[in-house]
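This report concerns only the one structure given below.
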Amino acid sequence: MGWYRSVVLVVLLLLTPMTSIASAQDAPTVSITTDWSGSSALSNEHAYILTFGDSSAHDYDLTVQHVRDAVDLAPSIQTTFLEDTATLTARVVLDSEIAWGDSVSIGVVINGHDNVPLSTPISVERTFTVGSWNQPMADHEVTTTTAWSLDQNYETTDGNQSFMLLFEGNGWQQRIGEVLSAYELGSGTLYTSERTNDSTTELSLELESFWKNETVTSGILTSQVIQAKGSGDILLQLVEDGVTTTINATVVDALLNRSDIDDVVTERLRMEAFGALMVDGEEDGSLFDVDGDISLLLLETSDIDGVRVLEHVQIEATANMMFAEEGSEFNLELDQFETLERWEDGVRIDQRYLVRGDGTFGFEDEEENSSMVVNGTVYTFHNQVEDGITLVDDVHVDGTLSGDVQGTFGMVQTIEQTGKQLNHTLVEHDVNVIHSETWFNVTGVGGSNFFGGSGVGSYYNDSYIYQATNADWGNRTVRLVWTETGPDPSSGDERPERSPIEREPAPPEVEE
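The numbering used here puts the sequence shown at residues 1 to 512.
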């Protein structure tokens, strides 16, 4: 009986019309895909691609439904056929825009193929639900392992600007209804390069910790907190008035925190570093050079909704400074250089400025075929300001004169007391009484005309400068009392007009 059934099947197959077999093999097909990326995204088009099984003519009907919040948007449709494709390909553009949670259904019913009607139309439908990448629409709870990068490069009129962030780590993600919560924790690398017309800032950090926590509701980011900790290097360079200032530092501790909650953005930065300070300048034959070591560079800022609510800048350093110009040279060794300013809510709550050092200087002066060589020593150079009030203003200089003029000179200045003093308009101000003594002892003159040709002798100026204690003010000398002896003796007691000029320090602002 087995052989009998086989013969019957063969006979039936032979009797089947070949057109029926060909028809089954050549049944028309179509696939439906999105075209939301590439050029369509740049032109804000909402488009789909219909790819048919061959290049023959197809008689078909197209239906589209775009539903948002249970309402059909009823978009209009524009269809074009693409050229240079292997099969018949149509591009369907809708005049609606997609949004998170939308449902779009595309239906194609093929009624005829190659100018031949189909006895049974072929129907293909595909429904798309709009969501976000890597965020499934169904309720879920999963753990993740991710590696991603963010690389941005763009050109401005000031040059190339760049930002790069690399991340590797683990995370967790949960969706309940329209609320998706997620966090990631790992490590990474951060590199930024910013250039302006006169400055360059480059920051490179190895992030030992990178944490991100965010909540997305109905496809809209409602809260996000990012915090990163690490260490690395920073380069700061400023070019101004022919002088280039460079700080090349090692970042030992960096904290970056940014939160965006209910459209309120809070940004905090704290960075501690040490490194080298270099200043170079040259103009019209003059040279200016600073070579220093920074033991502490501390920067901390906090901004809320575009308003600077905290700024702390602190530098502690030592440096060697040199200035040279046409036979003159000034060298100053700073044993201490400290500056600190801390602002909270637009109010300066802490300020400190301290510079202390010593050095040497020398120059040559010429006048009517005569020359004088000046060599001096700066024994004391000490200035200190705390909370905007000048506390120390000490200078001690001694030197010699040689050449066609021989002798010695010197200067001593210090704050002797602090008290009250009336200015030109008889308004009382807090002042430091600075006692300043300056002298020249000329012991020999060889045909020169220096000092007005007055010859050998002693010159002495004894002054008391009543200076407003507030270092932020201008024109601070409210009274000057002096006595001068020598070839042209004088004395006086003056109160300069428009002194002092009161002004408040300007609070820091967020840089755009």
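Using N, Cα and C, we set each Cβ at its ideal position, and we do this for glycine too.
Contacts around residue i, its chain only, beta-carbon distance under 6 Å, and the 5 residues preceding and following it disregarded
i, result
"Q351", "E341, D387 and G388"
"L398", "Note that residue 398 corresponds to Asp in the displayed sequence, not to Leu. Result list for D398: T377 and G410, in chain order."
"T98", "For clarity, residue 98 is Ile in the given sequence; the question names Thr instead. The residues are H46 and V130."
"V373", "E364, S402 and G403"
"R195", "D158 and G159"
"S463", "S436 and W482"
"H396", "Y379, T380 and V412"
"S123", "V109"
"F128", "V104"
"R476", "Q467, A468 and P500"
Residue i to residue j span [Cα, whole Å]
i, j, result
"G242", "S286", "11 Å"
"D472", "R503", "7 Å"
"V418", "L354", "For the sequence presented, residue 418 should be read as Thr rather than Val. Answer to the nearest angstrom: the Cα atoms are 19 Å apart."
"I434", "Q384", "14 Å"
"G474", "V481", "20 Å"
"L207", "A228", "6 Å"
"I294", "T222", "42 Å"
"E119", "T33", "According to the sequence as given, residue 119 is Ser; it is not Glu. Approximately 27 Å, taken between the alpha carbons."
"Q174", "N153", "33 Å"
"E325", "T360", "15 Å"
"L150", "Q237", "26 Å"
"G346", "V445", "60 Å"
"Q65", "E168", "41 Å"
"F440", "S371", "17 Å"
"G230", "L166", "13 Å"
"S40", "I220", "Here S40 scores only 41 on pLDDT, less than 50, and its place in the model should not be relied on; the value that follows carries that caveat. Cα to Cα, the separation comes out at about 22 Å."
"E202", "G177", "43 Å"
"G53", "L62", "16 Å"
"W100", "E344", "41 Å"
"E311", "T246", "22 Å"
"T425", "V392", "27 Å"
"L180", "N213", "11 Å"
"L50", "V30", "6 Å"
"H113", "W148", "47 Å"
"T339", "E367", "42 Å"
"S328", "P496", "33 Å"
"N111", "V93", "22 Å"
"Q161", "G188", "20 Å"
"D69", "S218", "11 Å"
The beta strand (DSSP E) enclosing residue i, as first and last residue numbers
i, result
"I77", "I77 to F81"
"G186", "V179 to R195"
"M137", "Unbroken run through M137: none, as it is neither H nor E."
"A276", "V264 to E283"
"P500", "Taken as a continuous stretch (DSSP letters only), P500 belongs to no beta strand (DSSP E), as it is neither H nor E."
"G388", "Segment: none, G388 is in no beta strand (DSSP E) and carries neither H nor E."
"G109", "First, the residue type needs correcting, since residue 109 is Val and not Gly in the sequence shown. Run containing V109: S103 to H113, per the beta strand (DSSP E) assignment."
"E45", "Looking at the DSSP string, E45 is not in any beta strand (DSSP E), and its letter there is neither H nor E."
"A249", "V243 to I261"
"E214", "S199 to T217"
"V328", "A small correction: the amino acid at residue 328 is Ser; Val does not occupy that position in the sequence shown. Per DSSP, S328 belongs to the beta strand (DSSP E) from S328 to E344."
"S231", "I220 to E240"
"L62", "H58 to R68"
Coil, strand or helix - residue i by DSSP
i, result
"G474", "strand"
"E549", "Because the chain here runs from 1 to 512, residue 549 falls outside it and cannot be looked at."
"E368", "coil"
"R495", "coil"
"P507", "coil"
"T469", "coil"
"H424", "coil"
"D291", "strand"
"V456", "coil"
"V30", "strand"
"L480", "strand"
"W439", "strand"
"V142", "strand"
"P117", "strand"
"T157", "coil"
"A319", "strand"
"T301", "strand"
Own chain, CB closer than 7 Å to residue i, minus 5 neighbours either side, in chain order
i, result
"A319", "L277, V290, D291, G292, L334 and F337"
"D394", "T380, H382, Q413 and T414"
"G357", "L332, E333, L334, D335 and F381"
"A317", "L277, G292, D293, I294, S295 and F337"
"T390", "N432, T469 and A471"
Original post:
Would you call the segment 82-90 and the segment 135-150 touching, i.e. three or more CB-CB distances under 8 Å?
Top reply: No, because fewer than three Cβ pairs between the segment 82-90 and the segment 135-150 fall closer than 8 Å, the two stretches do not touch.
Original post:
Below 8 Å, can you find three or more Cβ-Cβ pairs linking the segment 253-267 to the segment 295-307?
Top reply: At 8 Å Cβ cutoff, the stretches touch.
Subject >> Touching by the beta-carbon criterion (3+ pairs, under 8 Å), the segment 257-275 and the segment 303-313 >> reply: Segments in contact, yes.
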